[in-house]
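Asks: Could you have a look at this structure, given as C-alpha cells, before my questions?
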Amino acid sequence: MRNSFCFCFSFYIAVLQEFQRIVDRAEGIVVFSFGSVTPSEKMPGSWKLAFIDAFKRFPNYHFIWRYVGTDLQGELPPNVHVFKWLPQSDLLQNPKIKAFITHGGYNSVQESISAGVPLITIPLFGDQPKNALLAERHRFAVTIHKSDLSADVIAKALDTILTDHSFSRNVERLSRMVRKQPVSAAHLIVSWAEFVAEFRTLDNLVPAGTKLNFIQYHSLDVITFLLSAFAFVLFVIYKLLKFIILKLCSVIYRKRKQKNE
19 MRNSFCFCFS
29 FYIAVLQEFQ
39 RIVDRAEGIV
49 VFSFGSVTPS
59 EKMPGSWKLA
69 FIDAFKRFPN
79 YHFIWRYVGT
89 DLQGELPPNV
99 HVFKWLPQSD
109 LLQNPKIKAF
119 ITHGGYNSVQ
129 ESISAGVPLI
139 TIPLFGDQPK
149 NALLAERHRF
159 AVTIHKSDLS
169 ADVIAKALDT
179 ILTDHSFSRN
189 VERLSRMVRK
199 QPVSAAHLIV
209 SWAEFVAEFR
219 TLDNLVPAGT
229 KLNFIQYHSL
239 DVITFLLSAF
249 AFVLFVIYKL
259 LKFIILKLCS
269 VIYRKRKQKN
279 E
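No gaps in the numbering here: position 259 of the sequence shown is 277 in the numbering used here, and each next residue is one more.
Laid out in C-alpha cells, this is it:
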C-alpha cells in the first residue's frame, strides 16, 4: 500500500512539474478535455485534424489536451501537448489558463466556474446541451454544435474567447458569487442537524411514498393497465387486418371463379 501511494504521489508531482514547464513558457494556456466518459481519442479523425489545424493558428498559446491515444504523435504542432491524464481541477486554477474546451459535463462546468475560466463547449449528449446553453446564457461560454465542427469554427470560437475579455469577467464574477455564498455549506449542515435533533421527525417531511404499498409505489397497477390497453389495441388491429385480408381474398377468389366459368 505504501509503495503504491509513493508511486502515485511521485507520478502526480512529475506530471505537475511537466505542466509547470509548459505554463512557464506560454503566453496563455487552453485546456482541452472531453472527460473519461467521452474520450477525445475516439472522436472522428476529421475532428482531430480540425482541432490540430485550429490550434496551429494560435502559436502564442499552448494547448494541453487530454488524449489517451498515440495516433497523433506525428501530427502535433509544438504548441499542442497531449497527456493521458490531467489534474483538471488544479490545472484550471492556474492564472495562465485562458479557456477550457469541454463537452459541457456538469463537473467540468462547475470546475470552470470555480476557477473563473471561460468555456468553449461542444455538447455531445445527456445534460451537456442544457449545461452549454446555461453557460452561454450567462455569457461565459461559446458553444459549438458538433454538426458544425471544423477548423474555422473552432478557431473563431477560440478567437472570441481569447480576445473578448467580457467572458472572463462574467465567469470570474460567478466564481466570486460561488465563493461568497450568504450561507456557507458548513453552517447549513450544522443548522439542519440541530433542527432535526430538536424537532425529530416531522410529518410534512416524511415522503408520501412511505404510505404506499409495493404495487402502488412502483406503479405496477398503472403499468399493468397500460400494457393491457396496448395489448387490446394490438389485438383489435390484428383482427381488423385479418378481416380485411380475408374479405379481399374472398373477392379475388370469386372474380377468378367467375372468369373461369
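Note that CB positions come from ideal geometry on N, CA and C, so glycine has one too.
(1) Work out the CA separation of I241 and I262 for me, nearest whole Å.
(2) On a CA-only basis, which of W83, F217 and G123 is nearest A153? Give me that one, please.
(3) Between V156 and the rest of its own chain, which residues show a CB-CB distance below 7 Å, the 5 nearest in sequence each way excluded?
(4) Return helix, strand or coil for H99, following the three-state DSSP convention.
(5) Given this structure, state the Cα-to-Cα distance separating G144 from Y271, to the nearest angstrom.
(6) Am I right that F50 and W83 are in contact with their C-beta atoms under 8 Å? What's the rounded C-beta distance?
(7) Roughly how far, in whole angstroms, is the beta-carbon of I138 from the beta-carbon of I162, given that I think they are within contact range, below 8 Å?
(8) Does DSSP classify S168 as helix, strand or coil?
(9) For N222, count neighbouring C-beta atoms within 10 Å of its own C-beta (all shown protein chains included) and say buried if the count is 16 or more, exposed if not.
(10) In chain order, what are the residue ranges of uninterrupted alpha helix (DSSP H) at least 4 long that sit wholly in the segment 87-152?
(11) Let's see if you can read the secondary structure: which residues bound the beta strand (DSSP E) around T161?
(12) Quick test of the definition: if touching needs 3 or more C-beta pairs under 8 Å, does the segment 48-68 touch the segment 123-136?
(13) Hey, could you find the ends of the alpha helix (DSSP H) F248 is sitting in?
(14) Starting from H205, trace the alpha helix (DSSP H) in both directions and tell me its first and last residue.
(15) My output table needs one value for R43: the three-state DSSP class, helix, strand or coil.
(16) Indicate whether P141 and A150 have their beta-carbon atoms separated by less than 8 Å.
(17) Helix, strand or coil for F50? Go by DSSP, reduced to three states.
(18) Can you tell me which residues form a DSSP beta bridge with F185?
(19) Check whether the segment 66-83 and the segment 169-179 are in contact - that is, three or more C-beta pairs closer than 8 Å.
Replies: Taking the coordinates as given:
(1) Going by the C-alpha atoms only, they are around 32 Å apart.
(2) With distances taken between Cα atoms, A153 lies closest to G123.
(3) Reading the sequence as shown, one finds His at residue 156 and not Val. Close CB contacts of H156 within its chain, under the 7 Å cut and outside five residues either way in sequence, are with N188 and L192 (chain order).
(4) If DSSP states are grouped into helix, strand and coil, H99 belongs with the strands.
(5) Whole-angstrom Cα-Cα distance: 56 Å.
(6) Taking a contact as a CB-CB distance under 8 Å, the pair F50 and W83 counts as one, their CB atoms being some 4 Å apart.
(7) At roughly 7 Å, the Cβ-Cβ gap stays under 8 Å, so I138 and I162 are in contact.
(8) Assignment of S168 by DSSP, reduced to helix, strand and coil, places it in the coil class.
(9) Its Cβ having fewer than 16 others within 10 Å, N222 is exposed.
(10) For the segment 87-152, the full-length alpha helix (DSSP H) segments reaching 4 residues or more read 106-110 and 124-133 along the chain.
(11) It spans A159 to T161 - the beta strand (DSSP E) in which T161 sits, taken as one unbroken run.
(12) Yes, since at least three Cβ pairs between the segment 48-68 and the segment 123-136 fall closer than 8 Å, the two stretches touch.
(13) Where F248 is concerned, the enclosing alpha helix (DSSP H) stretches over L238 to N278.
(14) Per DSSP, H205 is one residue of the alpha helix (DSSP H) stretching across A203 to F217.
(15) The answer is coil: DSSP assigns R43 none of H, G, I, E or B.
(16) Taking the C-beta atoms as reference points, A150 is found nearer than 8 Å to P141.
(17) Strand, per DSSP.
(18) Partner(s): none; F185 has no beta bridge.
(19) Counting C-beta pairs closer than 8 Å gives three or more between the segment 66-83 and the segment 169-179, which meets the contact rule.
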